[in-house]
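There are 2 protein chains.
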Amino acid sequence: MSQQRHGSTPGHVRGDDAVQAFPDLPEATIARLPEYLRALHNLGEAGADTVSSEGLAAAAGVNSAKLRKDLSHLGSYGTRGVGYDVTLLIEQIEYVLGLDQRRAVCLVGLGNLGHALAGYDGFASRGFKIVALFDADESKVGEHIHGLAVRHIADLGRVAVEEKIAIGVIATPPGAAQAVADVLVDAGVTSILNFAPCVLSVPSNVDVRKVDLAIELQILSFHEHRKASLTALPGGRSAATAGNQEAVGS
Amino acid sequence: MSQQRHGSTPGHVRGDDAVQAFPDLPEATIARLPEYLRALHNLGEAGADTVSSEGLAAAAGVNSAKLRKDLSHLGSYGTRGVGYDVTLLIEQIEYVLGLDQRRAVCLVGLGNLGHALAGYDGFASRGFKIVALFDADESKVGEHIHGLAVRHIADLGRVAVEEKIAIGVIATPPGAAQAVADVLVDAGVTSILNFAPCVLSVPSNVDVRKVDLAIELQILSFHEHRKASLTALPGGRSAATAGNQEAVGS
DNA sequence: CGCGATTTGTGCACGCCTTCACAAGCGCCT
DNA sequence: AGGCGCTTGTGAAGGCGTGCACAAATCGCG
Numbered sequence: 321m322s323q324q325r326h327g328s329t330p331g332h333v334r335g336d337d338a339v340q341a342f343p344d345l346p347e348a349t350i351a352r353l354p355e356y357l358r359a360l361h362n363l364g365e366a367g368a369d370t371v372s373s374e375g376l377a378a379a380a381g382v383n384s385a386k387l388r389k390d391l392s393h394l395g396s397y398g399t400r401g402v403g404y405d406v407t408l409l410i411e412q413i414e415y416v417l418g419l420d421q422r423r424a425v426c427l428v429g430l431g432n433l434g435h436a437l438a439g440y441d442g443f444a445s446r447g448f449k450i451v452a453l454f455d456a457d458e459s460k461v462g463e464h465i466h467g468l469a470v471r472h473i474a475d476l477g478r479v480a481v482e483e484k485i486a487i488g489v490i491a492t493p494p495g496a497a498q499a500v501a502d503v504l505v506d507a508g509v510t511s512i513l514n515f516a517p518c519v520l521s522v523p524s525n526v527d528v529r530k531v532d533l534a535i536e537l538q539i540l541s542f543h544e545h546r547k548a549s550l551t552a553l554p555g556g557r558s559a560a561t562a563g564n565q566e567a568v569g570s
Numbered sequence: 321m322s323q324q325r326h327g328s329t330p331g332h333v334r335g336d337d338a339v340q341a342f343p344d345l346p347e348a349t350i351a352r353l354p355e356y357l358r359a360l361h362n363l364g365e366a367g368a369d370t371v372s373s374e375g376l377a378a379a380a381g382v383n384s385a386k387l388r389k390d391l392s393h394l395g396s397y398g399t400r401g402v403g404y405d406v407t408l409l410i411e412q413i414e415y416v417l418g419l420d421q422r423r424a425v426c427l428v429g430l431g432n433l434g435h436a437l438a439g440y441d442g443f444a445s446r447g448f449k450i451v452a453l454f455d456a457d458e459s460k461v462g463e464h465i466h467g468l469a470v471r472h473i474a475d476l477g478r479v480a481v482e483e484k485i486a487i488g489v490i491a492t493p494p495g496a497a498q499a500v501a502d503v504l505v506d507a508g509v510t511s512i513l514n515f516a517p518c519v520l521s522v523p524s525n526v527d528v529r530k531v532d533l534a535i536e537l538q539i540l541s542f543h544e545h546r547k548a549s550l551t552a553l554p555g556g557r558s559a560a561t562a563g564n565q566e567a568v569g570s
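In the order they appear, the protein sequences are chains A and B. Quick note on numbering: the first sequence equals residues 321 to 570 in this note's numbering. Quick note on numbering: the second sequence equals residues 321 to 570 in this note's numbering.
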C-alpha cells in the first residue's frame with residue numbers, strides 16, 4: 321500500500337496511473353468526501369483560494385479534526401499555517417471519487433420518482449450522465465423525458481452492455497426491483513442505487529446503495545415522538561400543548 | 321388504536337405514561353427499525369404469524385444477532401423456541417417510531433423532485449400525510465398536484481402553525497433552503513428532511529436529516545473507481561499490477 | 001412428565017470511528 | 001535572519017457498534 325502520489329510536485333499528481341489501489345479509505349470517510357467536494361465548489365465560486373480545515377469543516381457541517389483526518393487518509397496536502405488549496409483539493413477529491421471520468425448511468429422505472437430523477441440537475445452537474453431510461457409499461461415506452469426516450473425494459477440488458485453502463489438506478493415498485501437488479505448485474509453493471517423499498521440480493525462484487533424516503537421520515541418521526549415525550553417532563557407534567565394526541569396504551 | 325405496549329419491560333420503563341422516551345436507543349438501531357417494520361409487513365401479508373430472528377434478519381438484510389440486539393433494546397418480547405409474533409412486533413415498532421399517530425408533513429419546493437415527492441405513495445402508506453405544498457414561484461401557486469393546491473411560501477409560517485405541522489420536507493434549490501428552514505423552525509417545526517445539497521443550520525432541538533441523491537452516486541462512483549483500478553488494465557503498462565491488485569488479500 | 005430441539009436475549013471481545021490535544025511545519029513580520 | 005502565530009497532521013484515548021458464542025427459556029413429543 322505504498323502511497324504513490326506522495327512526494328512529487330503537488331501540482332500535477334494526476335497521471336494516467338489509474339492502476340493504483342487506494343489506500344484503505346474508511347467507508348465513513350468516503351461518505352463525507354462528496355460533502356467536502358460540494359463545500360469546496362461553493363468556496364471556490366465565492367473566490368476563496370485557500371481554506372482552513374476549520375472553515376471547510378464548518379461549510380461541510382463536520383468537526384474540523386475529523387475533516388483533517390479524512391483528508392490525511394487520502395494523502396492530501398494542506399499547508400501548515402495556511403490551509404488547503406481549494407482548487408487542488410477539489411482535483412484530489414474528484415480523482416479519488418473517480419469523478420474525472422464521466423460515468424454512464426441508466427434509470428429504470430419512470431413513475432413519479434423516476435420522472436424526477438431523470439430531470440434532476442444534480443446528476444449532470446456533478447459528473448453523471450443519464451444515458452438511458454427504461455420502464456416496463458408499454459404506454460410509457462417512446463415517451464421523451466427531459467430529452468431522452470424511454471425504452472422498454474426488455475432492451476435493458478443489451479443497451480446496458482452497448483453503452484457501457486456502470487451504474488444503474490432502480491426506481492421501480494419493490495416487486496420489480498429484484499428482477500431489474502438481476503438484469504443489470506447480468507449486463508455487467510457493478511453499482512446500483514436502489515430507491516425501491518426492498519432488499520436486493522446481488523453478487524458480492526456489486527455495490528448497492530439504498531435510499532428509502534419513507535425510512536427517513538420514520539426516523540424523524542421517532543425523534544418527534546421522543547421529543548414530544550420529553551417536553552412533558554420539565555417542571556412536572558404540565559399541560560403539554562398537544563400531549564393528548566398521544567395514543568398510548570393504557 | 322389498540323396500542324398495547326408491554327407494561328413492565330425490564331428496567332427503566334416507567335409505567336405506561338406518555339412520558340416515556342427511549343433516550344438510550346442507539347441511533348443505528350433506530351435507523352434499522354423502519355426496515356424491520358417493512359419486512360414485518362411483508363411477512364404479515366404473506367400470512368406469517370411468527371417469525372424467527374433469523375428469518376426476519378434475512379428479510380431485512382441484516383445479521384440475526386444484530387436484529388435480536390436491536391429488538392432487545394426496545395424491550396420487545398419474542399418467545400424463545402418460537403420467535404417473534406409478527407403483529408405484536410409491528411405494533412411495538414410502530415409505537416416506538418411514533419407511527420401510531422399520523423404526522424402532518426409539509427413539502428416546500430415543487431421542482432422535479434418536489435413534484436415526485438408530493439405523489440410518492442410510500443409516504444401515505446406508511447403513516448405520513450402531506451398536508452401542504454409550498455413554492456416561491458408565483459406561477460406554480462394555485463396549481464394542483466396530486467390533489468393538493470400549491471401555496472405561496474409566504475404562507476408557510478402561518479399554515480405550518482395552523483396545521484400543526486411537525487415535519488417539513490425541503491426540496492428547494494440549495495440557495496433557498498436555509499431561509500425555508502428558518503421559517504419552518506419559527507413555525508415550530510422540529511424535524512426537517514432536507515433534499516437540498518447544502519448544510520442547514522438549525523437550533524439544537526431541531527432534527528435534520530439530509531438526503532443527497534448526487535452524493536449517493538458519488539459514493540458508488542468511488543467504488544467503481546476502486547474496482548476498476550483493481551482489475552488489471554489490458555492495454556496499459558501494467559507492470560506492477562500483480563502487486564496492486566493484491567490490495568484485497570492484504 | 002421430562003427431555004431434546006429450537007430460539008431468544010446478552011456478556012464479551014474486537015474493530016472502527018470520533019475526538020482531543022499537541023508536536024511539527026510554514027509563512028509573515030520585524 | 002529569527003521569532004511568532006497559525007494550521008496541519010497524527011498519536012492516543014474513549015465510545016459506539018458489530019458479531020460470536022452460549023446460557024436461559026419455551027414448546028412439542030414420546
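Every residue gets a Cβ at the ideal spot worked out from N, C-alpha and C, and that includes glycine. Predicted model only: the values in this text are computed from it and were never measured.
Identification of chain B residues near Gly495 of chain A by a Cβ-Cβ cut-off of 7 Å yields none; the smallest Cβ-Cβ distance measures about 10 Å.
Collapsing the DSSP output to three states places Asn525 of chain B in coil. For a Cβ distance threshold of 8 Å, residue set Leu513, Arg529, Val531 of chain A lies close to Glu536 of chain B, ordered along the chain.
Look at Ala452 of chain B here: in three-state DSSP terms it is strand. In the three-state reduction of the DSSP assignment, Ser549 of chain B falls in the helix class. The beta carbons of Leu520 of chain B and Ala497 of chain B sit about 6 Å from each other, so the pair counts as a contact at 8 Å.
When C-beta atoms of the stretch 426-434 of chain B are compared with those of the stretch 388-398 of chain B, fewer than three pairs fall below 8 Å, so the two segments do not count as touching. In this structure, DSSP gives Thr399 of chain A an extended state, which the three-state scheme calls strand. Here Arg478 of chain B is exposed, its C-beta having fewer than 16 other C-beta atoms within 10 Å. In the three-state DSSP reduction, Ala486 of chain A falls in the coil class, being neither helix nor strand. Cα atoms of Val470 of chain B and Gly398 of chain B: separation of roughly 46 Å, rounded to the nearest angstrom. Under the three-state reduction of DSSP output, His466 of chain A falls in the coil class, being neither helix nor strand. Taking 3 residues as the minimum length, the stretch 366-390 of chain B contains no beta strand (DSSP E) run wholly inside it. For the stretch 426-446 of chain B, residues whose beta-carbon sits nearer than 9 Å to a beta-carbon of chain A comprise Gly431, Asn432, Leu433, Gly434, His435, Ala436, Leu437, Ala438, Gly439, Tyr440, Asp441, Gly442, Phe443, Ser445, Arg446. Listed by position along chain B, the residues whose Cβ is nearer than 7 Å to that of Gly381 of chain A are Val519.
Taking the Cα positions, Ala452 of chain B is about 28 Å away from Asn514 of chain A.
Residue pairing by DSSP puts Asp405 of chain B in a beta bridge opposite B:Thr370. Taking a Cβ-Cβ cut-off of 9 Å, Pro523 of chain A has no neighbours in chain B, whose nearest Cβ is about 12 Å from it. Per DSSP, Val500 of chain B is one residue of the alpha helix (DSSP H) stretching across 494-506.
The Cβ of Phe454 of chain A sits no closer than 8 Å to any Cβ of chain B. Distance between Gly508 of chain A and Phe542 of chain B, taken at the CA atoms: about 17 Å.
Put simply, the CB of Lys547 of chain A is near chain B, with a gap under 8 Å to one of its CB atoms.
With the rule of 3 Cβ pairs closer than 8 Å, the stretch 441-460 of chain A does not count as touching the stretch 435-442 of chain B. Within the same chain, and ignoring the five residues on either side of Ser384 of chain A in sequence, the residues whose Cβ sits closer than 6 Å to its Cβ are Ser373, Glu374, Ala377.
For Thr510 of chain A, at least one C-beta of chain B is nearer than 8 Å to its own C-beta.
Linking Gln538 of chain A to Val526 of chain A through their CA atoms gives a straight-line distance of about 28 Å. The secondary-structure analysis by DSSP pairs His472 of chain B across a beta bridge with B:Asp455. Against chain A, a Cβ distance below 7 Å from His543 of chain B picks out Ser511, Asp527.
It is roughly 13 Å from the alpha-carbon of Gly418 of chain B to the alpha-carbon of Leu357 of chain B. For Ala379 of chain A and Thr370 of chain B, the gap between their C-alpha atoms comes out near 48 Å.
DSSP places Ala424 of chain A in the strand class (E or B) of the three-state scheme.
Contacts with chain A at 8 Å (Cβ-Cβ) do not include Ala348 of chain B.
Taking 8 Å as the CB threshold, Glu355 of chain A lines the interface with chain B.
When secondary structure is reduced to three states using DSSP, Leu357 of chain A falls in the helix class.
By the criterion of a C-beta distance shorter than 8 Å, Leu345 of chain A is surrounded in its chain by His393, Leu394, Val416, once the five residues flanking it on both sides are discounted.
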